[in-house]
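**Student:**
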Amino acid sequence: MDPNRVERRGDFRMTHWDAHAIRALMFVPGSDEHKLAKVWSYGSDMTVVDLEDAVAVGQKLVARDRASAAISAYGRESVAAARVNPVESDWFEGDVSAVVLSGLDVIVLPKVETVQTLRHADAVIAAAERAAGLTVGAIRLLVSIETPIGVARCEELLAKAPDRTFTAVFGSGDFSTALGVDLTVDATEILYARSRIVIATRAAGFPAPIDGAWFSLDDDQGLEADSARSRQLGFQGRVALHPKQLDTILRSYASLDEDEEALNRRIVEAFETAEKDGVASIRVDGRFVDYPIYRLARERISRYESWRTAALDNGAV
269 MDPNRVERRG DFRMTHWDAH AIRALMFVPG SDEHKLAKVW SYGSDMTVVD
319 LEDAVAVGQK LVARDRASAA ISAYGRESVA AARVNPVESD WFEGDVSAVV
369 LSGLDVIVLP KVETVQTLRH ADAVIAAAER AAGLTVGAIR LLVSIETPIG
419 VARCEELLAK APDRTFTAVF GSGDFSTALG VDLTVDATEI LYARSRIVIA
469 TRAAGFPAPI DGAWFSLDDD QGLEADSARS RQLGFQGRVA LHPKQLDTIL
519 RSYASLDEDE EALNRRIVEA FETAEKDGVA SIRVDGRFVD YPIYRLARER
569 ISRYESWRTA ALDNGAV
């Protein structure tokens with residue numbers, strides 16, 4: 269085994285999407301027929317049919333039926349996910365039964381606060397997989413940390429999360445509401461929670477978590493600046509509230525400017541040359557480079573090239 273490899277528990281079952289970062293995750297209300305008609309074509313890396321917060325109580329059962337139909341019609345344009353209602357709700361088990369279909373990749377589990385919640389969800393999903401004729405573990409789990417209790421326990425939650433877990437997502441809106449604070453432009457109010465979730469997720473062996481949303485829909489510059497901060501903190505992507513946010517989010521978490529790209533390529537080239545000579549620590553442009561710095565540079569280049577290829581295919585660059 270490579271001694272420098274970081275174990276990634278979320279890789280236990282590789283799929284068509286596991287190797288790629290989820291830069292943009294967008295929720296679509298399960299009760300909205302118009303939006304569901306084009307749910308898989310918005311251009312996000314992961315699209316989530318929402319049965320929880322975006323659905324009125326009186327529309328829960330209608331949304332469940334429509335979500336099931338949308339997932340059945342899935343055309344693989346993005347990773348297909350469904351956010352079910354919380355485990356403690358009356359709707360949870362019915363939601364899981366309705367959405368666990370061959371077209372689904374991920375279940376987003378909201379407001380997770382206890383290990384028992386995760387274990388119960390895992391068991392219910394496994395039973396639904398068996399009933400649907402799917403392999404147990406086929407459906408991945410995205411753990412949503414969005415309450416003060418969830419943040420306070422995030423290390424334990426993620427360390428003991430079921431193997432089907434992909435990573436975590438931060439519910440910044442619910443979290444800031446629970447704290448009773450309004451988010452300012454630099455989001456200082458949630459810096460501690462963001463950092464703690466990133467560290468807990470990586471310490472548990474999962475890929476980088478997904479950040480919460482930027483709520484000012486008309487402030488594209490603010491979105492870009494906050495996404496840069498989020499990326500620097502260690503998030504792989506973030507929630508998009510509206511399709512018009514997608515281009516900025518996708519670019520922010522994937523692209524490198526010319527100077528960044530050139531520096532990362534110099535780091536990779538110089539380190540690989542040195543490694544052939546048995547050297548594993550060097551200087552590049554006055555910077556110390558060892559295996560962790562080299563791996564990060566290589567990952568950034570790979571992510572950028574994937575984004576650029578997709579952007580070229582779509583005529584975006």
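Numbering (the numbering used here), first residue to last: 269 to 585.
Don't be surprised by glycine CBs; every beta carbon is placed ideally from N, CA and C.
1. Classify Ala468 as buried or exposed, calling it buried when 16 or more other Cβ atoms lie within 10 Å of its own Cβ.
2. Let's test the definition: count the other Cβ atoms within 10 Å of the Cβ of Arg555 and tell me whether it reaches 16, buried, or not, exposed.
3. Where Val364 and Val317 are concerned, what is the direct C-alpha to C-alpha distance, given to the nearest angstrom?
4. Report the rounded CA-to-CA distance for Arg273 versus Asp515, giving the unit in angstroms.
5. Measuring alpha carbon to alpha carbon, tell me which of Leu518, Asp545, Val552 ends up nearest Asp479.
6. For Val392 and Pro430, I'd like the C-alpha separation in whole angstroms.
7. Tell me whether Phe474 is buried or exposed, calling it buried when 16 or more other Cβ atoms sit within 10 Å of its Cβ.
8. Strictly by DSSP, which residues pair up with Leu409?
9. Could you compute how far the alpha carbon of Gln489 sits from the alpha carbon of Arg351?
10. Near Asn353, what residues of its chain come up, given a Cβ to Cβ distance below 8 Å and the 5 sequence neighbours on each side ignored?
11. At which residues does the beta strand (DSSP E) containing Ile550 begin and terminate?
12. Do you know how far the Cα of Cys422 is from the Cα of Val453?
13. Excluding the five sequence neighbours on either side, which residues of its own chain have a C-beta within less than 6 Å of the C-beta of Lys512, listed in chain order?
**Tutor:** Considering the structure as presented:
1. The residue labelled residue 468 in the question sits at position 200 within the sequence shown. Burial call: buried.
2. Counting from 1 along the sequence shown, the entry for residue 555 is found at position 287. Its Cβ having fewer than 16 others within 10 Å, Arg555 is exposed.
3. Locating residue 364 in the sequence shown gives position 96, counting from the first residue. Locating residue 317 in the sequence shown gives position 49, counting from the first residue. So the alpha carbons of these two residues sit roughly 12 Å apart.
4. Numbered from its first residue, the sequence shown carries residue 273 at position 5. Numbered from its first residue, the sequence shown carries residue 515 at position 247. Residue placement at Arg273 cannot be trusted, given a pLDDT of 31 that sits under 50; the coordinates are not used to answer.
5. The residue given as residue 479 occupies position 211 in the sequence shown. The shortest Cα separation from Asp479 among Leu518, Asp545, Val552 belongs to Leu518.
6. By one-based count along the sequence shown, residue 392 stands at place 124. By one-based count along the sequence shown, residue 430 stands at place 162. Whole-angstrom Cα-Cα distance: 12 Å.
7. Start at 1 with the first residue of the sequence shown, and residue 474 comes out as number 206. Its Cβ being crowded by 16 or more others within 10 Å, Phe474 is buried.
8. Residue mapping note: residue 409 aligns to position 141 of the sequence shown, counting from 1. Partner(s): Ile375, Thr433.
9. For this step, residue 489 is matched to residue 221 along the sequence shown. For this step, residue 351 is matched to residue 83 along the sequence shown. Roughly 29 Å separates the two Cα atoms.
10. By 1-based counting over the sequence shown, the position of residue 353 is 85. Excluding positions up to five away in sequence, the list reads Leu319, Glu320, Lys328, Trp359, Phe360, Asp363, Pro378.
11. Along the sequence shown, read from residue 1 onward, the residue named residue 550 stands at position 282. Its beta strand (DSSP E) spans residues 550 to 552.
12. For the purposes of this step, residue 453 is taken as residue 185 along the sequence shown, with counting starting at 1. For the purposes of this step, residue 422 is taken as residue 154 along the sequence shown, with counting starting at 1. Val453 and Cys422: Cα-Cα distance of roughly 25 Å.
13. Numbered from its first residue, the sequence shown carries residue 512 at position 244. Once the five neighbours on either side are set aside, Lys512 has no close Cβ partner at all.
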